[in-house]
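Novice:
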Amino acid sequence: MSSRILLFFILFFNFLSIKAEVDISLSGEWKCRLDSLSIGEKEHWERDVFSTPIVLPGSTDEAGIGNSYPIFKSILGCNRFPDYPQNADFGMMTRKHKYIGKVWYQKEFTIKASQTGMFTLFLERVMWRSKVWIDGNPVKNIVDYLSSPHKHFLGQLDKGKHTVTIMIDNSEIYPIGTLGHSYCPHMQTQWNGVVGEIGLQKTPAIHIDQLNVYPSYCKKEIRVSLNILNSQKEKGNFKLTFTVTDKQTGQKVYTNKQIIELSDTINNYSFTIPLPLPKPWDEFTPNLYKIDVLLNSGKITDRKTSTFGFRDLGIKDKHFTINNKKIIYRNSHEGMFFSNTGYPNMSVDYWKNIWLLYKKHGFNAVRFHSCCPPKAAFIAADEVGLYLQIEFFWKDGWMRWKDLIGEADKRLNQFVFSEVLEALKTYGNHPSMMLVSFGNELGGNFDWMGERIKEMKNIDTRHWYAAGIAHNITVYDDYVEYGGKNQALNNKGTDWNYSDSYNNRSAHNYDEKFRRKNLPEFTHETGQYIVHPLWNEIEKYTGILAPLNLKYYKSIAQRNGIDTLDEKLQKASGQINKNLYKAEIEATLRTPESAGYSLLSMVDYPGQGEALVGWVNAFYENKNFITPEEFSMFGSHTVPLLRYKKHVWEDGEIFTGEVEISNFGKESLRSKKIFYNIKKEDKVINSGYLYSNCIEQGELTKVGFFNHTLHSDTYGCKLDIELEIENTSYNNKWSIWVFPKRSDEVRLNNVIETTSLETAIAKLKEGKKVLLLANNLGNKQNQIYSAFNPVFWSATWFTGQNTDVSGAYIRNKHPLLSLFPTEDVMNWQWEDICEDSHGFILNDFPKDYYPIVQPVNDFHHGNKLGTIFELKTREGGKLVVCGYNLTNALDKRIAARQLRETILSYMNSENFKPTQFVEYDWLNKNLKNTLNNHEKEIKELKALLFITPDNTSGYSQLSKWKKKKDNVITNEEDLDYHIDCQGVWQDDMGSYWVGNKIILEIKIEHPKLMTLKLCFLDSNKLNRTGVISCEDAPEVQLKEHHKETWISIPITRENCLDGKIKVAINCLNGPNIMLNKIALTAL
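Printed below as a string of structure tokens:
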């Protein structure tokens, strides 16, 4: 089948010119006619004269053609909020003028006497299918590429007026789904029109149809492949003139002539051009050359040109190499969102400005998630030295499609392969086109995809290939995007890395054969930490998209009195975003086995539930919490790294820092001093240097250690640690916090410290000062309002997360915090404090009332939250509510200990003068302890679902399982479940689901990263053992367990995208298996 596709390609396009520019432009005013009922072809509209004006290049949206309906909603995520605008798309910007279907475009043009000849209509980018008539006559071919230009051979056009009619259909021509960015409503939109160049290309009867350039820096040569079409089958000798020019200097570096003999309709030639001193192309030296090929027979002349760069791709030590030098792959995501047009920008200047912004941050690559950019993006990337990763589709089984790629739908498979082949043909000469795959997180037949990869490698060797991203790996894949990621919150300090994720064969759910062992492997979509928007971004949408969603969410913030805090909330949420990206990137750089990272993302993602995860907004403006220069300290090719054990220290401890250098720069660094400075409030308190003979290029080099005895001052301090490589721009910095040793117990004096609301109210009525430690008050919902970990991706796309906040805005000048070192944003010293904490909604108070510590609620919900706030009562009582745990393990939790001291010191001072009255009804409503008897276990597990078996059936007897008799202790997302087992057994140790085989199935409405926890107890010690299998996770062995034993199974989003999790527990030894608790927790 695949060989027929290739033959189809050769025959179908052998008459089409691929010139870079049109000879006669058709840009300007056209006429159009909507064909929403698909009757135009039947009624022969090509014979009619249209009257409605439209400008091309452009779209129907820009012309104001279309309706506000249908209203779009992504297939994942929560339902629309009850008061959400009825005319607004949900989870994305709203396309003002929607039109999906056929539109006919028509233009009259004139061919002058000097212009007559054969022509091809060139449409640079179309969504999705185009069909053409010239002077009322049909052009035979139909074109339906999403990524490559549409070319229609018109034949001979004589002097005079002509009319071209184009029918464009932006319906879903092939079942690829609407989540991939090639065709979707939530990013570039499903636009109708033509963008980029539009016009006529002269197409001589004998012309160069295809020019492919295969340069080799190592071999110092260029292999040139030519396809020459001879439509008249004219035989004879023709002259080819080759000219190669250095684009940086304008100097011609090679000229030669060849005589060829044409015979067939299709003529293929290959030539090798030596170039003794080629300049390399890479991220450091993006040297470009231009090749010009002139075909001349005396009567017929044709010319083809192409830009190229010298780069040889290779693999060494699980890393990519370019021209025999290892690189660290530093990539961020692009999703083809164009804020004011809804279609791709086709300007080289536009893309060049964006690529320079990426380079300024330190990136050397950009990943196009399930889409391919236009030619202008490749040209700009060539010029700045940026590696592009190209994908085309996103289609998986959880999207509920009948046939996936490579399965039974032959029509789909042919389109998929053709789409990729044509993109290779169109953009393959660009040195920036580096990594190519069918798509993101694909399901389907990977054997089929692997065979297609094999064929593509035979056609074009200039790229690295993979079947898909983050899923199955084929034997023909060149790289793997998976890796270890998003574990910074599970590790202390910086003395850790991801080596186990690369060396452990079971760490990849989709790689049972461990094919990735020797392949370059980099992380997949690291990050996705939400950041609060600035509301003035609304005003920037001046085109075809209406930010009705952002206006709605701003109205919530206005209602709760926090809309004017957007700059502070962005900075606060951005601090967590910055901290975690830095931690993740540096952990990857400390991992010798990692080829790099792929982030999601530098730039906001306005679709899929408004995933504003970037530190750059959708208009490519940096947000207020990090600059490109700051990011490049840890995001560039050469990064000083520092290993240390923890972020929070105690007075008198000795800090040990281990210095490493990740050097994937242009060259090795020889005989270098690495200076270190330890600063307190910008004053250097310790400094020195370590020496390295050679910091090898392409390696992680261990340099050495330095020590420093820490002193906290009276109330604690922040220390900044800086590293800098001598006589370079490479530097990096970290912060740690040092707190005093535990002194005598802080005196309460007249302050009542309590965890009981009842006690607090009683003392307030007496006019007392009360510190209410409320980390166990309220309900489980309050836990998500005080977490240190930020919202992942989008709170409306991935619902039910164990957090609904991203950082906190801290009024650090408030006297309550005068004895606690903190900025106005949360940093690492707050991480432990946030454990086992509660936050509270303060919307009932006046708009101008604000807490001292205000967690940043996800902007979709927009609540005014507080974890530390002060109030007063009518009787003169004064209250500080603290949602943090300031009672447990304060001998070890030194930051929490210091926070308690500063609060009590403030409450014993004259500064303690709350101004906001509170009613006891509010306290009882919002701070009452409503957690159940399983509070401790549920809180420790952070369980979304917690179930125990029926404990009412009686001892030592087996009863039939009935779901209604199970004890569903918590079920936050109303999850349905089913258990197949022998029955339920109860003894004096507890109750159990029992059986030789137990099948558990849990229905999941909103896929997310979770952990399934199963608790087993061999209560009568009969040496029970078993094996547990869940989805595609590795099997888990259940060993002998005479005490309660929890087994944890990680659940990926992909595991539950089909709407369920299925677990099988099989007994290996003993009479049966005894399962006594089931918990499902969100990460």
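Taking full-length UniProt numbering, the leading residue of the sequence shown gets 1, the next gets one more, and so forth.
Here a beta-carbon is modelled for each residue, glycine too, at the ideal position from N, C-alpha and C.
Keep in mind it's a predicted model, so treat the numbers as computed, not measured.
Are there 16 or more other CB atoms within 10 angstroms of the CB of Ala583, so buried, or fewer, so exposed?
Specialist: Label assigned to Ala583: buried.
Novice: For a minimum of 3 consecutive residues, which ranges assigned as the beta strand (DSSP E) are wholly contained in the segment 990-1063?
Specialist: The qualifying runs are 990-995, 997-1003, 1010-1016, 1025-1030, 1036-1038, 1045-1051.
Novice: Residue range of the alpha helix (DSSP H) that Asp566 falls in?
Specialist: Per DSSP, Asp566 belongs to the alpha helix (DSSP H) from 566-589.
Novice: Could you tell me whether the Cβ atoms of Cys1067 and Glu1044 are closer together than 7 Å?
Specialist: Going by C-beta atoms, Cys1067 is not nearer than 7 Å to Glu1044.
Novice: Might you give, ordered along the chain, the residues of its own chain that have their beta carbon closer than 8 Å to the beta carbon of Phe12, omitting 5 neighbours on each side?
Specialist: Bear in mind that a pLDDT of 34 at Phe12, under 50, signals an unreliable position, so the number given afterwards is only what the model happens to contain. The residues are Asn141.
Novice: Hey, Ser182 and Leu146 are a contact pair by Cβ (cut 8 Å); roughly how many whole angstroms apart?
Specialist: So it is a contact: roughly 5 Å between Cβ atoms.
Novice: Nearest-angstrom Cα distance between Asn192 and His860?
Specialist: Approximately 31 Å, taken between the alpha carbons.
Novice: Measure the Cβ-Cβ separation of His508 and Glu481 and say whether it is below 7 Å.
Specialist: No, the Cβ-Cβ distance between His508 and Glu481 is not below 7 Å.
Novice: In terms of DSSP beta bridges, what is Gly314 paired with?
Specialist: Answer is Thr321, bridged to Gly314.
Novice: Am I right that Pro640 and Asn707 are in contact with their C-beta atoms under 8 Å? What's the rounded C-beta distance?
Specialist: That belief does not hold up - the Cβ atoms of Pro640 and Asn707 are roughly 18 Å apart, past 8 Å.
Novice: If you drop the 5 nearest sequence neighbours on each side, which residues of the same chain put their C-beta closer than 8 Å to that of Pro204?
Specialist: Excluding positions up to five away in sequence, the list reads Gly117, Met118, Ile300, Thr301, Asp302.
Novice: Is Thr249 buried or exposed, if buried means 16 or more other CB atoms sit within 10 Å of its CB?
Specialist: Flag for Thr249 reads exposed.
Novice: Taking 8 Å as the threshold, find out whether the segment 304-317 comes into contact with the segment 334-342 through three or more Cβ pairs.
Specialist: Segments in contact, no.
Novice: How close, in whole Å, do the beta carbons of Asn802 and Ala1082 come, if the pair is a contact with beta carbons under 8 Å?
Specialist: Yes, they are in contact, since the Cβ atoms of Asn802 and Ala1082 sit about 4 Å apart, within 8 Å.
Novice: Could you pull the start and end residues of the alpha helix (DSSP H) that Leu757 belongs to?
Specialist: Its alpha helix (DSSP H) spans residues 757-765.
Novice: If we ignore side chains and look at the alpha-carbon of each, how far apart do Trp922 and Glu940 end up?
Specialist: Going by the C-alpha atoms only, they are around 28 Å apart.
Novice: Taking the beta carbon of Glu108 as the centre, do at least 16 other beta carbons fall within 10 Å, making it buried, or is it exposed?
Specialist: Under this definition Glu108 is an exposed residue.
Novice: Identify, in the order they occur along the chain, each residue of the same chain with its Cβ nearer than 6 Å to the Cβ of Thr873, setting aside the five sequence neighbours on each side.
Specialist: If we look at Thr873 and ignore the five residues flanking it on each side, its Cβ neighbours are Leu764.
Novice: So what's Ser370 in DSSP terms, helix, strand or just coil?
Specialist: Coil, per DSSP.
Novice: From the DSSP output, in three-state form, read off Leu819 for me.
Specialist: Residue state, collapsed to three classes: coil.
Novice: Would you kindly check if the distance between the Cβ of Phe664 and the Cβ of Ile322 is under 7 Å?
Specialist: Contact flag unset, no.
Novice: Taking just the CA atoms, how far does Thr426 sit from Gly883?
Specialist: Between Gly883 and Thr426, the C-alpha separation is close to 59 Å.
Novice: Would you call the CB atoms of Gly767 and Glu919 closer than 7 Å?
Specialist: In this structure, Glu919 does not lie closer than 7 Å to Gly767 by Cβ.
Novice: Sorted by chain position, which residues of the same chain lie with C-beta nearer than 6 Å to Val195's C-beta, five sequence neighbours on each side aside?
Specialist: Cβ within range, chain order: Pro57, Arg125, Tyr343, Met346.
Novice: Which residue comes first and which comes last in the beta strand (DSSP E) that contains Arg452?
Specialist: Not the beta strand (DSSP E): Arg452 falls in the alpha helix (DSSP H), residues 446-459.
Novice: Taking the straight line between their C-alpha atoms, what separation do you get for Gly443 and Gly450?
Specialist: In a straight line, the C-alpha of Gly443 is about 13 Å away from that of Gly450.
Novice: Quick check on this structure: which residue in Thr564, His637, Lys568 has the alpha carbon closest to the alpha carbon of Gly596?
Specialist: The shortest C-alpha separation from Gly596 is found at His637.
Novice: Is DSSP giving His647 helix, strand or coil here?
Specialist: Coil at His647, not helix or strand.
Novice: If you drop the 5 nearest sequence neighbours on each side, which residues of the same chain put their C-beta closer than 6 Å to that of Glu724?
Specialist: The answer, listed in chain order, is Phe675, Asn731.
Novice: How would you call Gln210, buried or exposed, if buried means at least 16 neighbouring beta carbons within 10 angstroms?
Specialist: Buried, by the Cβ-count rule.
Novice: In whole angstroms, what is the alpha-carbon distance linking Lys457 and His463?
Specialist: Roughly 8 Å between the two C-alpha positions.
Novice: Relative to the C-alpha of Trp993, which residue among Lys1021, Gln1037, Ile947, Leu975 is closest?
Specialist: Measuring from the Cα of Trp993, the nearest candidate turns out to be Ile947.
Novice: Can you give me the C-alpha to C-alpha distance between Pro1007 and Lys219, rounded to a whole angstrom?
Specialist: Looking at the two C-alpha atoms, the distance is approximately 50 Å.
Novice: Going by DSSP, what residue range makes up the alpha helix (DSSP H) through Gly607?
Specialist: Per DSSP, Gly607 belongs to the alpha helix (DSSP H) from 607-610.
Novice: Can you list, in chain order, the stretches of the alpha helix (DSSP H) that have 4 or more residues and sit fully within the segment 796-865?
Specialist: With a minimum length of 4 residues, no continuous alpha helix (DSSP H) run stays inside the segment 796-865.
Novice: Measure from the alpha carbon of Leu76 to the alpha carbon of each residue in Pro175, Arg330, Leu179, Cys371, then state which is nearest.
Specialist: Nearest option by C-alpha distance: Leu179.
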